[in-house]
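Here it is, written out as structure tokens:
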């Protein structure tokens, strides 16, 4: 779904903007002359991105798991533009591998960033939107909130939390008189971003799951939500199929996902154990797209 109308002049806050979906959104919205406040832990990358996109883009160094950082992000938007029209909670991390082989600090960090970061962003955004009587909150969840992922239990749990939070806030908002305040949750399928380079990996194998979607699908879908907000949106055919299976044939869906993922892990090339970028930012993975599609296709051909 592509946006039908111009986003010129809209003030949009985007977390996780140094790469992947967040970076792609920043590039697309800047081309539509939106006013952006972009956040990530990698200061140099978002400053370079802001410089390349023009004077209407404000970079803010922020770790969304820290309340003060999210508060500073909100303050930067208000100080520079005086309002917020759209807040996109996009920042997220992942950890991959057997649950008991994964350090507790990595499991904890996954929940802090994915769920608590979304809670903090939602809190500041909704408080502003209610004062303005308008605004769109978009929380990026995952297909994993519909079909649990073995070897990704903490990630799955965090995304179940994001979807549950979004649904609860949606219902709470209905109790008030806020017709122009909207809460949206989006569930992408596996997407070819640098996520696999940043994720912690304790499986002993490369992360080769999919087949992954082009990140442009997710970016288009989020732009569509800015144009026409809706409660929940599954992205692409695979994402919609996962949602349908998860709702109507949950036992089949869980069984298939578990066996398929186990097979994908065991057939992937060996890899060293790593905590990825969970605790400290890394230089690798700066673009919108990653190399997952290419590696997945090569693996399928073998």
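Residue numbers (this note's numbering): 1 to 302. The beta carbon of each residue, even a glycine, is placed where N, CA and C say it ideally should be. What you are looking at is a predicted structure, and each value in this text was computed from that prediction instead of being measured.
Residue pairing for residue 213: DSSP places it in a beta bridge opposite 191.
In the structure shown, residue 118 falls within a helical segment according to DSSP collapsed to helix, strand and coil. When only Cα atoms are considered, residue 130 and residue 153 end up about 35 Å apart. C-alpha of residue 123 to C-alpha of residue 59: approximately 21 Å in a straight line.
The beta carbons of residue 214 and residue 192 sit closer together than 8 Å.
About 16 Å separates the Cβ atoms of residue 208 and residue 144, ruling out a contact at the 8 Å cut-off.
By the Cβ-count criterion, residue 14 is buried, with 16 or more other Cβ atoms from all chains shown falling within 10 Å of its own Cβ.
Counting the other CB atoms within 10 Å of its CB gives residue 201 a total of 16 or more, which places it among the buried residues. Taking the Cα positions, residue 159 is about 6 Å away from residue 142. Taking C-beta atoms as the reference points, residue 85 and residue 11 count as a pair closer than 8 Å.
In the structure shown, residue 37 falls within a strand segment according to DSSP collapsed to helix, strand and coil. Looking at the DSSP output, residue 185 sits in a beta bridge with 139, 232. In this structure the stretch 19 to 35 does not lie against the stretch 105 to 120, because fewer than three pairs of beta carbons, one per stretch, are closer than 8 Å.
Comparing alpha carbon positions, the residue from 279, 180, 184, 161 closest to residue 170 is 184. Ranked by Cα distance from residue 117, the first of 88, 136, 182, 172 is 88. 8 Å or more divides the Cβ of residue 165 from the Cβ of residue 93. Listed in chain order, the beta strand (DSSP E) elements of length 3 or more contained wholly in the stretch 74 to 124 are 86 to 89. Counting C-beta atoms within 10 angstroms of its own C-beta, residue 285 has 16 or more neighbours from the protein chains shown and is therefore classed as buried.
Inclusion of residue 270 and residue 204 in the CB contact set at 8 Å is warranted, their separation being smaller than that value. Counting the other Cβ atoms within 10 Å of the Cβ of residue 273 gives fewer than 16, which makes it exposed. Within the same chain, 15, 64, 70, 87, 89 come within 7 Å of residue 121 by CB-CB distance, once the 5 residues on both sides are set aside. If you draw a straight line from the Cα of residue 294 to the Cα of residue 211, it comes to about 10 Å.
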